[in-house]
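The structure appears right after this line, and notes come after that.
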Amino acid sequence: MQSLSFVVHIFKIINALAICICMFRLWLMSKHSSKKKTLQLLYSISQTLHILHVILEVNLHLHSAV
1 MQSLSFVVHI FKIINALAIC ICMFRLWLMS KHSSKKKTLQ LLYSISQTLH
51 ILHVILEVNL HLHSAV
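Residue numbers (full-length UniProt numbering): 1 to 66.
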């Protein structure tokens, strides 16, 4: 039970780092690319964050069920 809590905390840290990296990439793309490419990157980032959110929700439900 405690190891699952540890995994959830590690996942939250990884998620936060992924968000920071994605935002940095978006900032770089917006300086050096067209708006179309920037919008495509923003869409892929939002899809990735949605998937990470779903995974985190599943982890939290598993954690509360144990």
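For glycine and all other residues, C-beta sits at the position ideal for the given N, C-alpha and C.
Legend entry - Nearest candidate by alpha-carbon position, reference C22, set L42, N59, H61, H32: Relative to C22, the option among L42, N59, H61, H32 whose CA is nearest is L42.
Inset, instruction - Please report how far the alpha carbon of H50 lies from the alpha carbon of R25, in whole angstroms. - result: Straight through space, the alpha carbons of R25 and H50 are spaced by roughly 18 angstroms.
Legend entry - Neighbourhood of L56 by C-beta distance below 8 angstroms, restricted to the same chain and skipping five residues each side: If we look at L56 and ignore the five residues flanking it on each side, its Cβ neighbours are V8, F11, K12, N15.
Legend entry - Inter-residue Cα distance where the pair is H32 and L52: C-alpha separation (whole angstroms): 27 angstroms.
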